[in-house]
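One structure is given below, encoded as structure tokens.
Number of protein chains: 2
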Amino acid sequence: MKTPKDYPAPSVPPAELLGALHWRYAVKRFDPDRKIGPEVWSAIEESLVLTPSSFGLQPWRFIVVTDAELKARLPAVSWGQQQPKDCSHLVVIATLRSMDSEYVDRFLQSVSETRKVPIDSLANYRKVILGFLQNSADRISEWATQQGYIALGQLMATAAYLGIDACPMEGIEPGKYDRLLGLEHGDYATRVACAMGYRHSADGYASNLKVRFPMDISIRRF
Amino acid sequence: MKTPKDYPAPSVPPAELLGALHWRYAVKRFDPDRKIGPEVWSAIEESLVLTPSSFGLQPWRFIVVTDAELKARLPAVSWGQQQPKDCSHLVVIATLRSMDSEYVDRFLQSVSETRKVPIDSLANYRKVILGFLQNSADRISEWATQQGYIALGQLMATAAYLGIDACPMEGIEPGKYDRLLGLEHGDYATRVACAMGYRHSADGYASNLKVRFPMDISIRRF
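The listed protein sequences derive, respectively, from chains A and B.
Mapping to this note's numbering: the first sequence position 106 is 86, numbers consecutive.
Mapping to this note's numbering: the second sequence position 33 is 13, numbers consecutive.
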């Protein structure tokens, strides 16, 4: 098993990353005939699992939908948008509705096993996390959703660098997604989704100039 | 001006991106003597501005802190954490406290100017956004924060691919950051920060194995 220290420092050229961020856009129309290949898809899944989260708690499930029948039912619960049906892979980001000390202990157990350290050595870590839980009791669902949005941001950027198109989808009916995905009585709730695949050559949105406020408005320096 | 269609499809090798995500970790101790060079930093700023957001509304300001005196005051309002002081650049992500139709019109004005389309042609787009605003009146601040977390996710991933170290910082006192950054009477509030720079060679955290729940727990497929 390798630690971060064992990996060489990455050095993708800045111009290549910026080119990718200019290339990407929120795809309106996917090419239903083009599917993401297994090697690239497996890298995307691994990147999802590697998403950083607060305290390392990973309060999420990533639901990957490729089944044609299920996909065909999604536009009706996505404000009529066709991307969930026409894309190659739909990622639904579901995050914890609440969190209890049992969850924290399950997480610490995985820390203890991975790093081969006694669980007792994590007592202080546990105390800090439980303190956070207590202080944030009324906003754990909100916090978990925010962690899900870290995953969304990393997913969209990573997809772009790989040359995979995406469309983030906030315009969905989360409760109805929960029912379709069997989440409704579980610990995780649908928060947001991201359709992934390849743009249709006739998607006119690819020819729209990207709109951003000028850099000297969005960025302030001290 | 180029549109997304005018850029070549990116193709960073999957293994290179995954290597970078294994290389990254939440840096505990930055090397205070190593600064991010201007070319890379300018790419990071451009990547921030290019972050996708719901409806393209960009409800954020990115505050970049490099001033040594200001940085020295930040550990005291960051639960004692030293990263804001020792890092090269600290990015504070501030997002809208609320949003009114004036903001939406300013945004649509920028769409109209960039794409050289009459403002009237955006009437339907305006209606949809105002409908969203109305339906979400009690959670605009939460929504804007989520958009800020998209930026955080894209920022951490992009930094890793560039070989820049980072530490996401939720453990800060947002109200005190607001005061130090002059945000307290403005439209934007501090939500989260990200310290960026280079890991100190003595940061033991780089030698910890990364802990993740197994992929078949975090990912479900339909």
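Where a beta carbon is used, it is the ideal one built from N, C-alpha and C, also for glycine.
Remember, predicted model here, so these are calculated numbers, not experimental data.
Sequence-distant partners of A/S33 (beyond 5 residues in either direction) whose C-beta falls short of 6 Å from its own C-beta, in its chain, are Q127. Here B/D66 is buried, its C-beta having at least 16 other C-beta atoms within 10 Å. In the DSSP assignment, A/L160 falls within the alpha helix (DSSP H) that extends over P154 to L161.
Those residues of the stretch 117 to 135 of chain B placed with their C-beta closer than 7 Å to a C-beta in chain A are E122, T125, Q126, Y129, I130, A131, L132, G133 and Q134, ordered along the chain.
Closer than 8 Å to the CB of A/R14 there is not a single CB belonging to chain B. DSSP places A/P148 outside any alpha helix (DSSP H); the residue lies instead in the beta strand (DSSP E), whose first and last residues are D145 to M149. Membership of B/F112 in the alpha helix (DSSP H) is indicated by the continuous run A103 to N115. As the crow flies, the alpha-carbon of A/P(-6) is around 42 Å from that of A/G166. Non-local beta-carbon contacts of B/W21 in its own chain, meaning distances under 7 Å to residues more than five positions away in sequence, involve H69 in chain order.
Contact of A/M(-19) with chain B is assigned, a C-beta pair being separated by under 8 Å. Put simply, the CB of A/F202 is near chain B, with a gap under 8 Å to one of its CB atoms. Between B/D47 and chain A, the shortest Cβ-Cβ separation is below 8 Å. Contact note: A/G143 reaches chain B through A(-11), P(-10) and S(-9), using a C-beta cutoff of 7 Å and chain order. Contact with chain A is absent for B/Q61, since none of that chain's Cβ atoms lies less than 8 Å from the residue's Cβ. Per the Cβ contact rule, the stretch 44 to 61 of chain B is in contact with the stretch 150 to 166 of chain B (3 or more Cβ pairs under 8 Å).
Closer than 8 Å to the CB of A/H2 there is at least one CB belonging to chain B. For the pair B/L54 and A/S90, the Cα-to-Cα distance works out to about 33 Å. The beta carbons of A/A23 and B/L37 sit about 31 Å from each other, so the pair does not count as a contact at 8 Å. The Cβ of A/Y5 sits closer than 8 Å to at least one Cβ of chain B. Annotation: B/V84 to A/F87 spans about 42 Å, alpha carbon to alpha carbon.
Residues of chain B whose Cβ lies closer than 8 Å to the Cβ of A/M195 are, in chain order, E25, E26 and V29.
Close partners of A/G177 in chain B (Cβ separation under 7 Å) are lacking, with about 13 Å as the shortest Cβ gap. Note on A/S78: under 16 other CB atoms within 10 angstroms of its CB, so exposed under the neighbour-count rule. For a Cβ distance threshold of 7 Å, residue set A186 and S187 of chain B lies close to A/K(-15), ordered along the chain. For a cut-off of 8 Å, the C-beta gap from A/F35 to A/I109 is around 5 Å, short enough to register as a contact. Look at the beta carbons and you see the stretch 2 to 9 of chain B touching the stretch 177 to 187 of chain B: at least three pairs across the two are nearer than 8 Å. Around B/L163, the same chain offers A74, A169 and T170 as residues with beta carbons nearer than 7 Å, after the five sequence neighbours per side are excluded. Judged by DSSP secondary structure, B/I73 falls within the beta strand (DSSP E) whose first and last residues are H69 to L76. DSSP places A/M136 within a helical segment (H, G or I) once states are collapsed to three. For A/V172, no alpha helix (DSSP H) encloses it; the enclosing beta strand (DSSP E) starts and ends at Y168 to G177. For A/R201, the uninterrupted beta strand (DSSP E) run begins and ends at I199 to R201, by DSSP. In the structure shown, B/I24 adopts helical secondary structure according to DSSP, grouped into three states. Taking 8 Å as the upper bound for CB-CB distance, A/I16 and A/G177 are in contact here, some 6 Å apart.
At least one CB of chain A lies nearer than 8 Å to the CB of B/L(-3).
Taking 8 Å as the CB threshold, A/F10 stays off the interface with chain B.
Within 10 angstroms of the beta-carbon of B/K190 lie 16 or more other beta-carbons, which makes it buried.
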